[in-house]
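Below: one structure, written as structure tokens.
In our numbering, the protein residues as written are 131 to 212.
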């Protein structure tokens, strides 16, 4: 399923409030003016289901134009999102 298209964005961030790497991913995308939609997988059933379907074990997981990035990988995030 094309989750990103559903939200009008190219990037979906699956995260939690307490995750330091999730915060770094947010800052990276904000600094680079990358629009993203965020699911807190502890608060959103839809987000948790999508995270599981993407094979997410931890956070952050990013879905960028159909590519899945597991963990905080700035160079990969920027390469895919630009």
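Just so you know, even glycine gets a beta-carbon here, dropped at the ideal spot from N, CA and C.
Just the C-alpha distance for residue i and residue j, rounded to the nearest angstrom, thanks.
{"i": "residue 200", "j": "residue 192", "result": "7 Å"}
{"i": "residue 203", "j": "residue 184", "result": "17 Å"}
{"i": "residue 186", "j": "residue 197", "result": "13 Å"}
{"i": "residue 173", "j": "residue 162", "result": "27 Å"}
{"i": "residue 154", "j": "residue 175", "result": "24 Å"}
{"i": "residue 190", "j": "residue 150", "result": "9 Å"}
{"i": "residue 152", "j": "residue 194", "result": "15 Å"}
{"i": "residue 157", "j": "residue 182", "result": "24 Å"}
Under a three-way DSSP split, which group does residue i fall into?
{"i": "residue 203", "result": "coil"}
{"i": "residue 168", "result": "strand"}
Buried or exposed for residue i, going by 16 or more other Cβ atoms inside 10 Å?
{"i": "residue 122", "result": "Residue 122 falls outside the range modelled here, since the chain spans only 131 to 212, and no answer is possible."}
Leaving out the 5 sequence neighbours to the left and right, which residues in its chain are closer than 8 Å to residue i when beta-carbon positions are compared?
{"i": "residue 170", "result": "145, 146, 147, 177"}
{"i": "residue 188", "result": "200, 201"}
What residues in its chain sit with their C-beta under 7 Å from that of residue i, if we drop five residues either side in the sequence?
{"i": "residue 164", "result": "141, 211"}
{"i": "residue 166", "result": "139, 141, 142, 143, 159"}
{"i": "residue 168", "result": "143, 145"}
{"i": "residue 208", "result": "162"}
Note down, in chain order, each residue of its chain lying with its Cβ closer than 6 Å to the Cβ of residue i, except the 5 sequence neighbours on either side.
{"i": "residue 206", "result": "199"}
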